[in-house]
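Participant: Per full-length UniProt numbering, the sequence shown runs over residues 1 to 290. Beta carbons are placed, not taken as given, at the ideal position from N, Cα and C, and that holds for glycine. If you're wondering where the values come from, they're calculated on a predicted model, not measured in any experiment.
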Amino acid sequence: MKTDIGDSRPRPRWKQWLINKLDLTSQSREDLIDDLQRANEKNLLPGETVGMLQGVLEFGALQVRDIMVPRSQINFIYHEDDFTQILARIAETEHSRYPVVDEDRDDLVGVLLAKDLLKYSGREQEFEIDDIIRPALIVPESQRLNRLLTEFRKTRNHMAVVIDEYAGISGLVTFEDVLEQIVGDIDDEHDDEEDISTNIQPQGDGRFIVEAMTPIDEFNEAVGTAFDTEEFDTIAGIVIHELGKIPRQGEEVVLMGWLFRVLRSDSRRILLLEVLPHTENSCSEEVPAL
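Here it is, written out as structure tokens:
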């Protein structure tokens, strides 16, 4: 005979530890997140620990679309590129993995790993891209991050190509992107001091790609704006205040004649913005590839 255990199942160990240690009375995920924030404010737990616990709690609710690199930011390699063109692309962008497409960017061929080019060093004339293209892990925008993490571990892939409801490529997500939702930003070997300090990247056509945590005074100096620095410290603060919420990727707001478009965000913060002069045609237009 089966026994109906109802709500008698034991709590997860980590939650029971928090309740015992911090005398918490939270009855939901949201309550527990609030309790963790209060614990941080009272210095009961280190800020880094609280941040990771909050990341774990919010992790299961996030979808791939919340953290993916949008299509406009992807560095593609084309199937018809020769060895020299591919090598130049890799030298310019310094990534380890690239989606390979035909002339139509929605026609995905596979994934190329930069390290696979090493075997052609000194014998470039023998290069055949089809010999080194690997199958791509393809996931929908709506896939939950916990499921994606399982896919990464099961397939040993470190990058997935994201598709929309029409099977077109809409973005890219990496194993590192997923982990950062729990542990925070991870700097790799290419994130040197010069790169870290480059918060604002002019695109040559009046647009700027801006790290959301850029100080307002730095933004004002680079772009020529005059945003007030008294009430908020960062560009993210201004955008969130104006919208009244943490915006999702693709949301836009116009401030002082400039259009701010969210390129990357998660449930806790804005990560990356596109900023361009506001015109009647600038809202919701397709972003040129970088």
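#1: Could you give the DSSP three-state label for L62: helix, strand or coil?
#2: If you count every other CB in all the chains shown that lies within 10 Å of the CB of P99, and 16 or more means buried, which is it?
#3: How would you write the range of the alpha helix (DSSP H) that T150 sits in, first residue to last?
#4: So E92 is in the alpha helix (DSSP H); what residue range does that whole segment cover?
#5: Just to confirm the assignment, what range does the beta strand (DSSP E) spanning I138 have?
#6: Assign P247 to one of two classes, buried (16 or more other C-beta atoms within 10 Å of its C-beta) or exposed (fewer than that).
#7: Hey, quick one: how far does the beta strand (DSSP E) through G168 stretch, first residue to last?
#8: To the nearest angstrom, report how far apart A289 and Y78 are at their CA atoms.
#9: Quick one: what does DSSP say I77 is sitting in, helix, strand or coil?
#10: Around the C-beta of T214, are 16 or more other C-beta atoms found within 10 angstroms, so that it is buried, or is it exposed?
#11: What separation, rounded to the nearest whole angstrom, lies between the Cα atoms of F175 and M68?
#12: Which residues mark the beginning and the end of the alpha helix (DSSP H) in which L243 is found?
#13: Go ahead and label I240 buried or exposed: buried means 16 or more other beta carbons lie within 10 angstroms of its beta carbon, across all protein chains shown.
#14: For G122 and L113, what's the separation of their Cα atoms in angstroms?
#15: Which residue or residues does DSSP assign as beta-bridge partners of A160?
#16: What's the gap between the Cα of A226 and the Cα of N220?
#17: Are the CB atoms of V252 and L263 nearer to each other than 7 angstroms?
#18: Using the C-alpha atoms, what's the distance from H158 back to A88?
#19: Determine the closest residue to L259 out of N75, D266, L243, with distance taken between C-alpha atoms.
#20: Tell me which residues share the same chain as T234 and place their Cβ nearer than 8 angstroms to its Cβ, disregarding the 5 neighbours each side in the sequence.
#21: State the DSSP-derived secondary structure class of S265, mapped to helix, strand or coil.
#22: What does DSSP give as the partner residue(s) for Q201 in the beta ladder?
#23: Under DSSP, the beta strand (DSSP E) around E252 begins and ends at which residues?
#24: Once the 5 residues before and after L271 are set aside, which same chain residues still bring their CB inside 6 angstroms of it?
#25: So what's I270 in DSSP terms, helix, strand or just coil?
#26: Among E141, V223, Q181, L118, which residue has its Cα nearest to the Cα of D205?
#27: Count the other CB atoms, across all protein chains shown, that sit within 10 Å of the CB of A236; report buried if there are 16 or more and exposed otherwise.
#28: Can you tell me whether R105 is helix, strand or coil according to DSSP?
#29: Can you tell me whether P277 is helix, strand or coil according to DSSP?
#30: For the alpha helix (DSSP H) that contains A222, what are its first and last residues?
#31: Whose C-beta lies closer than 8 angstroms to the C-beta of G178 among residues of the same chain, with five residues either side of it excluded?
Facilitator: A quick look at the data gives this:
#1: When DSSP states are grouped into helix, strand and coil, L62 belongs to the coil group.
#2: Buried is the call here.
#3: If you look at T150, you'll find it in the alpha helix (DSSP H) that goes 145 to 155.
#4: Taken as a continuous stretch (DSSP letters only), the alpha helix (DSSP H) holding E92 covers 83 to 93.
#5: Residues 137 to 140.
#6: Buried, because 16 or more other Cβ atoms sit within 10 Å of the Cβ of P247.
#7: If you look at G168, you'll find it isn't in any beta strand (DSSP E); DSSP assigns it neither H nor E.
#8: For A289, the predicted model reports a pLDDT of 37, less than 50, meaning its position is unreliable; a value from the coordinates is still stated below. So the alpha carbons of these two residues sit roughly 14 angstroms apart.
#9: It is a strand residue.
#10: T214 is buried by the Cβ-count criterion.
#11: Their backbone Cα atoms lie some 11 angstroms apart in a straight line.
#12: Note, L243: alpha helix (DSSP H), 235 to 243.
#13: Buried is the label assigned to I240, since at least 16 other Cβ atoms lie within 10 Å of its Cβ.
#14: One alpha carbon belongs to G122, the other to L113, and they sit about 18 angstroms apart.
#15: Answer by DSSP bridge pairing, in chain order: L137, V173.
#16: Here the alpha carbon of A226 sits roughly 6 angstroms from the alpha carbon of N220.
#17: The sequence given here places Glu at residue 252; Val does not occur at that position. One thing to note: E252 has its Cβ no nearer than 7 angstroms to the Cβ of L263.
#18: If I take the Cα positions, the gap works out to 23 angstroms.
#19: It is L243.
#20: Around T234, the same chain offers A212, M213, T214, P215, I216 as residues with beta carbons nearer than 8 angstroms, after the five sequence neighbours per side are excluded.
#21: Secondary structure of S265 (DSSP, three-state): strand.
#22: Beta-bridge pairing links Q201 to I209.
#23: Here the beta strand (DSSP E) through E252 covers 252 to 255.
#24: The answer, listed in chain order, is A212, R264, S265.
#25: Three-state result, I270: strand.
#26: Ranking E141, V223, Q181, L118 by Cα distance to D205 puts V223 first.
#27: With 16 or more other CB atoms across the displayed protein chains lying within 10 angstroms of its CB, A236 is buried.
#28: DSSP places R105 in coil when its eight states are reduced to three.
#29: Shown here, P277 sits in a strand according to DSSP, grouped into three states.
#30: That run of the alpha helix (DSSP H) goes 216 to 223.
#31: For the record, residue 178 in the displayed sequence is Val; it is not Gly. Only I67, L145, L148, L149, F152 meet the Cβ criterion.
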